[in-house]
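Encoded as structure tokens, the structure appears first; notes follow it.
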Amino acid sequence: MNCVLQNSEERVYSLETGVQFLNAGLQVIRGDTVAVLGEVNLEKEKSIDFDKVKANQLPPIFSNTH
Amino acid sequence: MQSQFFQTYFRGLIERCVSVTIELKNGLQIQGQITYVDDNLNFNLVDPEVSDPVKQPQLITLKNSFIRGSTVKYVHIPQEELQEEVLISACKNEVKKQKQ
Amino acid sequence: MDTLDEPLDVLKFSIAQQIYIKMRNNIELKGTLVSYDNHLNMIISKAEETSFQEGIKTKRKLDALYLRGDGIILISPLKKGITSL
Numbered sequence: 001m002n003c004v005l006q007n008s009e010e011r012v013y014s015l016e017t018g019v020q021f022l023n024a025g026l027q028v029i030r031g032d033t034v035a036v037l038g039e040v041n042l043e044k045e046k047s048i049d050f051d052k053v054k055a056n057q058l059p060p061i062f063s064n065t066h
Numbered sequence: 001m002q003s004q005f006f007q008t009y010f011r012g013l014i015e016r017c018v019s020v021t022i023e024l025k026n027g028l029q030i031q032g033q034i035t036y037v038d039d040n041l042n043f044n045l046v047d048p049e050v051s052d053p054v055k056q057p058q059l060i061t062l063k064n065s066f067i068r069g070s071t072v073k074y075v076h077i078p079q080e081e082l083q084e085e086v087l088i089s090a091c092k093n094e095v096k097k098q099k100q
Numbered sequence: 001m002d003t004l005d006e007p008l009d010v011l012k013f014s015i016a017q018q019i020y021i022k023m024r025n026n027i028e029l030k031g032t033l034v035s036y037d038n039h040l041n042m043i044i045s046k047a048e049e050t051s052f053q054e055g056i057k058t059k060r061k062l063d064a065l066y067l068r069g070d071g072i073i074l075i076s077p078l079k080k081g082i083t084s085l
């Protein structure tokens, strides 16, 4: 399921700094690279201070094809 | 034995509103109720909860989620909701049907 | 008479029996085979997972689980006799 995203932002999680937001604009994402897709709860999102969220990046998913 | 077999089984879990934990190939565990499952065994979950929200906060704000079937490693099913006997005989029947 | 004609017959004769599964990323599973399909997707009951990561062995008891077949390397019945049919 290929997707087209508008006004997208990329979130980079790290243990040193808080979450970094990168503007990624309009992009096409190939369906086979998608693991999870979901509707965001904006209320809950507002209540989170992303500068204080420190976490490792999720490990990659190795499947048969890549 | 068609892959329809497991789709039908998961539809049964949906009807009985069983809560499951889907474990992805990268180890991420997402708990929730399945709302839909398609031919590719992609899942839709409602109110997904990550097993370790402190270490893995990436998905905590999701209201619902679509999980691509190919990224799934396990779906943990509560033992009491498994219906083991039913599944065993259904599977044997299915194998017999296919051999004919 | 039941004969072992094709590879998947190993699974056919193992329904409701204990099996051993080796998977990618150094993971091994033991449990009761409840059902399977042609993709080697399976439902395993009372599963026990052993994983070897960086020389460390971890065991997990997992209850019942649906297992996606694409990660499987080999499957073997734990009960002797099944493969000699």
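Residue numbers (full-length UniProt numbering), protein chains in the order written: chain A, 1 to 66; chain B, 1 to 100; chain C, 1 to 85. Where a beta carbon is used, it is the ideal one built from N, C-alpha and C, also for glycine. Just so it is clear, the structure is predicted and the values come from calculations on it, not from any experiment.
- A Cβ-Cβ contact shorter than 9 Å links C:Ile19 with C:Ser76.
- Under the DSSP assignment, B:Glu84 falls in the alpha helix (DSSP H) whose first and last residues are 84-99.
- Listed in chain order, the positions of the stretch 54-84 of chain C with a beta carbon within less than 8 Å of a beta carbon of chain B are Leu62, Asp63, Ala64, Leu65, Tyr66, Leu67, Arg68, Asp70, Gly71.
- Under DSSP, C:Ala47 takes part in a beta bridge, and its partners are C:Asp63.
- Under DSSP, A:Gly25 takes part in a beta bridge, and its partners are A:Ser8.
- Using a Cβ-Cβ cut-off of 9 Å, C:Thr3 does not count as an interface residue toward chain B, since no Cβ of chain B sits closer than that to its own.
- Just measuring C-alpha positions, the residue of B:Lys25, B:Gly27, B:Asn26, B:Gln33 sitting nearest B:Glu15 is B:Gln33.
- Closest in alpha carbon position to A:Phe21, among B:Ser51, B:Gln58, B:Phe43, B:Asn26, is B:Gln58.
- The alpha-carbon of A:Lys52 is positioned some 14 Å away from that of B:Gln56.
- Residues of chain C with a Cβ closer than 9 Å to the Cβ of B:Gln79 are, in chain order, Ser45, Lys46, Asp63, Ala64.
- Note on B:Asn44: 16 or more other CB atoms within 10 angstroms of its CB, so buried under the neighbour-count rule.
- When secondary structure is reduced to three states using DSSP, B:Thr61 falls in the coil class, being assigned neither helix nor strand.
- In the three-state scheme derived from DSSP, where H, G and I count as helix and E and B as strand, A:Thr17 is classed as coil.
- Contact between C:Leu4 and C:Ile15 is ruled out by a C-beta separation of about 14 Å, above the 8 Å threshold.
- Under DSSP, C:Leu74 forms a beta bridge with C:Lys22.
- Ranked by how close their Cα comes to the Cα of C:Asn41, the residues B:Leu28, B:Gln98, B:Cys91 have B:Cys91 in first place.
- Uninterrupted beta strand (DSSP E) stretches at least 3 residues long and entirely within the UniProt domain "Sm" (8-77) of chain B occur at 19-24, 29-37, 43-50, 62-67, 72-77, given in chain order.
- Annotation for C:Val10: the continuous alpha helix (DSSP H) segment containing it runs 9-12.
- Using a Cβ-Cβ cut-off of 9 Å, A:Ala24 does not count as an interface residue toward chain B, since no Cβ of chain B sits closer than that to its own.
- A residue is called buried once 16 or more other Cβ atoms fall within 10 Å of its Cβ, and B:Phe6 is buried on that count.
- Contact with chain A is found for B:Asn64, since one of that chain's Cβ atoms lies less than 9 Å from the residue's Cβ.
- C:Lys12 belongs to the set of residues whose beta carbon lies under 9 Å from a beta carbon in chain B.
- Taking B:Ser19 as reference, the option from B:Val37, B:Val46, B:Leu41 with the minimal CA-CA separation is B:Val46.
- Going by C-alpha positions, C:Gly69 is about 17 Å away from C:Glu48.
- Linking B:Gly69 to B:Gln100 through their CA atoms gives a straight-line distance of about 30 Å.
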